[in-house]
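Presented below is the structure to which this report refers.
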Amino acid sequence: MSADTMIVDSFIRVTNYFASKYGNETGEIGSLVDLWKIHGNMISQMMDCDTKDFRSSDLFYEVLHRKFVLINGSLAEDLNPAEAANGDLLEICKFFVLFLEYLRKDHPDMLSNVLENLNSLQTGFKSVYVLDLFAFFDKLYSEDNVEDWWTCLVHPTDDSESSSGFRTPTRNNSFLSYTTPTATARRLRTATSTARRSPIVEAVDSPTMKFMRSERELKQAKIHLRDAQNHVEDLEKENEQLKKENRKQKITIDDLKADMTGKRATAEEAEKQVQEMCAQLKKLALENEGLQRQLNEYRDTVRTQKRQLEDLEIEKEDNSKKLSKATEDLEDRMRELRRTRDTTEEEIDRYRRSEIELNEKLRVALQEASNLTEHLATVESLKSNLHAENMRLTSALDEVNIVVARSQQDADNTKTLLNEEKELHQKQMEKMQLEKTERTRMAEETIKRLGEELEAERKERRELNQILADLQSNILVNDRSSHDQNEQAVSARVLLESTRQRVNLMQVELDGKNKIIAVQKDQIENAKGILQSEQVIREKCQISFDRRIKEIELAMNGKQAEVDSLKEKMANLSATHQNEIAAQTEEFKLQTEELQRVNEELKKLQEKLAETTKMNVFFEERIKLFEKSDCSRPSSVDSLPEYLESQEAQEDMNMINALTSRKSVAYSVDMNGEDSVRCTPIGFKNEPRESISSLESFGRNSNTRYSMRSDTLTIASNGEFKQPFTPTGPSKERVGVLTARNQRVRPHLQSAYSVELGNSDSPSADEKVVRQGGTPMDTENKQQPKKKRRESFFMRLVNK
3 MSADTMIVDS FIRVTNYFAS KYGNETGEIG SLVDLWKIHG NMISQMMDCD TKDFRSSDLF
63 YEVLHRKFVL INGSLAEDLN PAEAANGDLL EICKFFVLFL EYLRKDHPDM LSNVLENLNS
123 LQTGFKSVYV LDLFAFFDKL YSEDNVEDWW TCLVHPTDDS ESSSGFRTPT RNNSFLSYTT
183 PTATARRLRT ATSTARRSPI VEAVDSPTMK FMRSERELKQ AKIHLRDAQN HVEDLEKENE
243 QLKKENRKQK ITIDDLKADM TGKRATAEEA EKQVQEMCAQ LKKLALENEG LQRQLNEYRD
303 TVRTQKRQLE DLEIEKEDNS KKLSKATEDL EDRMRELRRT RDTTEEEIDR YRRSEIELNE
363 KLRVALQEAS NLTEHLATVE SLKSNLHAEN MRLTSALDEV NIVVARSQQD ADNTKTLLNE
423 EKELHQKQME KMQLEKTERT RMAEETIKRL GEELEAERKE RRELNQILAD LQSNILVNDR
483 SSHDQNEQAV SARVLLESTR QRVNLMQVEL DGKNKIIAVQ KDQIENAKGI LQSEQVIREK
543 CQISFDRRIK EIELAMNGKQ AEVDSLKEKM ANLSATHQNE IAAQTEEFKL QTEELQRVNE
603 ELKKLQEKLA ETTKMNVFFE ERIKLFEKSD CSRPSSVDSL PEYLESQEAQ EDMNMINALT
663 SRKSVAYSVD MNGEDSVRCT PIGFKNEPRE SISSLESFGR NSNTRYSMRS DTLTIASNGE
723 FKQPFTPTGP SKERVGVLTA RNQRVRPHLQ SAYSVELGNS DSPSADEKVV RQGGTPMDTE
783 NKQQPKKKRR ESFFMRLVNK
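Per the numbering used here, residue 3 is the first one in the sequence shown, and the count goes up by one each step.
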């Protein structure tokens with residue numbers, strides 16, 4: 003069986019509306035399965051449940067089930083919290099319909115407003131389903147039959163659905179009567195004018211609900227009446243004196259109890275501190291192990307080793323301080339335990355004496371309480387007789403009621419005081435059971451005392467007749483005083499009759515007291531056996547406690563020895579680590595110095611590498627020019643291979659040339675049959691010019707060449723010089739010619755041609771590259787064996 007979908011939809015709309023109005027920004031739900039998670043707190047607050055926060059659906063439905071059992075146990079028998087927690091819609095609908103029924107009983111106005119507002123919002127909500135449920139419950143209450151009450155939630159059959167599923171309740175009012183089509187002076191009915199007689203209000207405020215609410219209000223009124231009668235504050239002078247004495251006795255008893263509990267608390271705290279000291283010792287051992295692991299890890303880095311060693315030293319000092327403090331605290335606690343044991347023994351003796359005094363006071367209080375109970379009986383009989391009197395005695399009846407209430411409260415107070423004193427006495431017996439064997443003697447004394455009290459009660463029973471006469475005389479005196487005050491003679495006769503009834507009640511109460519004394523005697527005998535057994539248990543606990551303290555002291559001594567050994571190990575490890583750190587620092591310094599030296603050499607090698615790359619670029623260009631040139635190679639004695647020198651001599655000459663002032667070198671060209679070239683010696687003065695080509699071994703097809711051999715011959719013969727060619731910038735071929743020219747001459751005669759190459763941005767036209775163009779790269783010299791070069795510093799490091 004499943005729940006009706008229309009009812010489920012109505013329940014969802016109702017609970018979402020409750021959440022929007024009373025849920026404190028609670029979200030909406032799309033299914034009743036999420037009711038406990040989102041609206042659980044709201045429903046528990048509306049039903050005044052003890053639990054407000056729910057972590058699971060089981061707890062939510064279990065709390066609601068307990069609440070419904072208290073409210074309406076007959077309907078709650080068919081609830082199944084487990085199935086509802088698992089998500090059964092029918093079971094959840096059972097809980098929700100009982101929730102609505104609770105609101106209909108306790109909060110009818112709120113429920114009717116909610117249903118009317120939902121109808122007015124036009125959200126698709128149909129209140130007919132909820133109203134039919136309320137009518138169904140009213141029918142159950144009238145028939146007094148709750149079997150299968152949840153069938154109203156089950157999905158109906160086709161016949162029932164067609165007949166009653168979409169039925170709205172009828173309204174019996176004058177609005178449905180026949181009216182003429184003509185205009186009328188009657189005021190039109192609106193939703194506001196008919197709100198009090200709406201179907202929703204009629205369903206919520208049904209006669210059954212009104213009757214149930216009236217019963218509940220009647221019960222509450224009776225409870226309030228009883229509370230009002232019990233709160234009368236005026237007491238008689240004798241009762242006030244008795245209360246003062248009882249309060250003093252309670253204060254003394256509470257002080258003694260507080261002292262005993264304080265001593266026990268100090269003993270328990272001492273035991274807890276001993277346990278905490280043991281735990282701290284274990285923690286210290288674990289911390290020492292952690293220190294050893296950390297010492298092994300300190301060898302990774304120098305900085306972390308120093309920091310961690312300092313931290314370990316600080317922790318070690320703290321641990322030693324803690325351990326010393328723990329030992330001192332343990333010794334202090336042991337001394338305090340001994341002092342408390344001595345003080346408790348003394349306090350037990352003092353308490354025994356005070357108990358005897360209190361028992362005597364208790365006997366006096368019991369006697370006075372018996373007198374009060376007699377007054378109570380008379381007042382109660384007076385109350386019953388006064389109710390039967392005529393309205394003429396209403397004023398006297400009020401005064402008698404006040405007296406009755408006072409006496410009744412006094413009697414209740416005396417009874418409660420007696421019960422409390424008995425409970426206090428019983429608790430004191432239980433506490434004294436844990437102290438020493440002297441409590442057994444105290445129990446025997448109490449037995450004797452109770453026997454004496456029994457005899458005293460018997461004597462008091464014999465003296466009741468005399469007390470009765472005294473009471474009658476006292477009653478006469480009281481009657482006279484009340485007659486003088488209230489001018490009521492009838493009340494005096496009623497009081498006399500009440501005193502006679504009170505004597506009879508006191509005789510009955512005396513018999514009951516005798517029975518109670520016999521029962522208490524048996525209880526004291528049982529308590530005596532319990533005291534003996536608990537004394538044995540206490541001695542065993544004391545022995546185990548002493549043995550445990552010895553074990554703790556031995557363990558502390560062992561831990562102290564371990565701490566000392568750890569201190570020695572720490573000192574040795576710190577010394578070894580400091581030596582290792584010093585050695586590592588020295589090695590690190592040497593390595594840094596060696597690294598700086600290697601970096602400097604690496605920079606030098608990089609500079610040389612840059613120079614060699616430039617030279618390689620230049621040589622590649624020269625090789626290309628040689629490959630393109632078709633002229634014959636020079637074979638004279640003054641050719642380039644004959645003037646090659648070693649790399650060391652070239653470097654020396656380059657340095658000498660860099661120190662000397664730069665001069666442009668002119669060449670004297672003397673063409674003969676052998677095409678020889680002769681260079682001018684050093685220091686030969688001639689007019690400066692850019693350059694004169696005198697080489698036949700290079701290509702002549704370049705457009706940038708500015709002179710030919712014929713031109714040079716004519717210039718030499720005429721003694722005149724041709725104007726130099728000043729191009730916008732030297733080309734690549736021109737740079738090659740200039741570098742080849744430096745190859746043909748000796749190193750000290752090489753030139754950088756700064757005038758011509760000064761404005762060039764090409765890397766191949768660098769002055770340094772052009773000046774070092776005299777490196778032997780001729781093809782004829784490739785087959786000749788090269789001289790052995792000096793090894794560089796970098797190569798020596800590599801060979802090592």
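We put the CB at the ideal spot given by N, CA and C, even for glycine.
Would you tell me roughly how many angstroms separate the C-alpha atoms of GLU118 and HIS226, rounded to the nearest one?
-> Their backbone Cα atoms lie some 35 Å apart in a straight line.
Determine contact between the stretch 548 to 557 and the stretch 311 to 321, defined as no fewer than three beta-carbon pairs at a distance below 8 Å.
-> Output reads no: the stretch 311 to 321 does not touch the stretch 548 to 557.
Test item: CB-CB of LEU627 and ALA742 under 9 Å = Yes; because the gap between Cβ atoms is below 9 Å, this pair is in contact.
From the DSSP output, read off the bridge partner residues of ALA557.
-> Answer by DSSP bridge pairing: none, since ALA557 is not bridged.
Contact set for SER22: own chain, Cβ-Cβ below 7 Å, skip 5 residues either direction | Taken in chain order, the list of residues that qualify is empty.
Can you tell me the Cα-Cα spacing of ASN618 and GLN745, whole angstroms?
-> Rounded to whole angstroms, the gap between the alpha carbons of ASN618 and GLN745 is 14 Å.
In terms of alpha-carbon separation, which member of GLN774, ARG736, THR125, ILE449 lies closest to ARG748?
-> The shortest Cα separation from ARG748 among GLN774, ARG736, THR125, ILE449 belongs to GLN774.
Closest Cα partner of MET79 within the set ARG68, GLY89, ASN88, LEU135 | Note that residue 79 corresponds to Glu in the displayed sequence, not to Met. GLU79 has its Cα closest to that of ARG68, out of ARG68, GLY89, ASN88, LEU135.
Starting from the Cα of TYR19, find the closest Cα among THR125, LEU92, VAL739, LEU436 and give me that residue.
-> Of the candidates THR125, LEU92, VAL739, LEU436, the residue whose Cα lies closest to the Cα of TYR19 is THR125.
What are the boundary residues of the alpha helix (DSSP H) that includes GLN47?
-> 42 to 48 is the span of the alpha helix (DSSP H), which, as asked, contains GLN47.
ALA754 - DSSP class collapsed to helix/strand/coil | For ALA754, the three-state secondary structure derived from DSSP is coil.
Return the residue from the list GLN47, TRP38, LYS591 that minimises the CA-CA distance to PHE62.
-> Cα-wise, what sits closest to PHE62 is TRP38.
Span separating the alpha-carbon of ASN74 from that of MET214 = In this structure, the CA atom of ASN74 is about 12 Å from the CA atom of MET214.
In the DSSP assignment, find the unbroken alpha helix (DSSP H) run with PHE127 in it and report its ends.
-> Note, PHE127: premise wrong, no alpha helix (DSSP H); not H, not E.
What are the residues that DSSP puts in a beta bridge with ALA5?
-> Answer is VAL156.
Start-to-end residues for the alpha helix (DSSP H) that takes in ASN744 = Taken as a continuous stretch (DSSP letters only), the alpha helix (DSSP H) holding ASN744 covers 734 to 746.
SER58, DSSP secondary structure in three states = In the three-state scheme derived from DSSP, where H, G and I count as helix and E and B as strand, SER58 is classed as coil.
Contact set for LEU142: own chain, Cβ-Cβ below 8 Å, skip 5 residues either direction = Correct list, in chain order: VAL148, TRP151.
Span separating the alpha-carbon of VAL530 from that of LEU436 = The question names Val, yet the displayed sequence has Lys at residue 530. Near 12 Å, if we compare the C-alpha coordinates of LEU436 and LYS530.
4 or more residues per run - each alpha helix (DSSP H) lying fully within the stretch 88 to 123 = Counting only runs of 4 or more, we get 91 to 108, 110 to 123.
Is GLY32 buried or exposed, if buried means 16 or more other CB atoms sit within 10 Å of its CB?
-> With fewer than 16 Cβ atoms within 10 Å of its Cβ, GLY32 is classed as exposed.
Taking all protein chains shown into account, decide if MET393 is buried (16 or more other Cβ within 10 angstroms of its Cβ) or exposed.
-> Classification for MET393: exposed.
Rounded to the nearest angstrom, how far is the Cβ of ILE519 from that of LEU466, given a contact under 8 Å?
-> Actually they are not in contact, since the Cβ atoms of ILE519 and LEU466 sit about 17 Å apart, beyond 8 Å.
Taking the alpha-carbon positions, what's the THR263 to GLN544 distance?
-> Distance from the CA of THR263 to the CA of GLN544, rounded to the nearest whole angstrom, comes to 18 Å.
LYS323 to ARG549, Cα distance in whole Å?
-> LYS323 and ARG549 have their C-alpha atoms spaced approximately 27 Å apart.
Would you call PHE98 buried or exposed, if buried means 16 or more other Cβ atoms sit within 10 Å of its Cβ?
-> Buried.
ARG624 versus ARG736, LEU368, LYS259, ARG451, residue with shortest Cα-Cα distance | It is ARG736 whose Cα lies nearest to the Cα of ARG624.
Nearest neighbour of ASN421, chosen from MET444, LYS461, ALA379, ALA367 [CA to CA] = Cα-wise, what sits closest to ASN421 is ALA367.
For GLU149, the three-state DSSP class (helix, strand or coil) = Looking at GLU149 - three-state DSSP - the assignment turns out to be coil, as it is neither helix nor strand.
Apart from the five residues on each side of it in sequence, which residues of its chain come closer than 8 Å, Cβ to Cβ, to GLU238?
-> Excluding its 5 nearest sequence neighbours in each direction, GLU238 has C-beta neighbours in its own chain below 8 Å: ARG408, ASP412, listed in chain order.
Which of helix, strand or coil does DSSP assign to ASN74?
-> Annotated three-state conformation of ASN74 is coil, per DSSP.
CA-CA distance, PRO732 and THR615?
-> Roughly 22 Å between the two C-alpha positions.
Near SER195, which residues of its chain fall below 6 Å by C-beta distance, leaving aside the five closest residues on each side in sequence?
-> Because SER195 sits at a pLDDT of 40, beneath the cut-off of 50, its placement in the model cannot be relied upon, and the following sentence gives the value as read from the coordinates. Taken in chain order, the list of residues that qualify is empty.
Would you give the residue range spanned by the alpha helix (DSSP H) that VAL772 belongs to?
-> 769 to 773 is the span of the alpha helix (DSSP H), which, as asked, contains VAL772.
Hey, how far is the Cα of SER756 from the Cα of GLU769?
-> SER756 and GLU769: Cα-Cα distance of roughly 7 Å.
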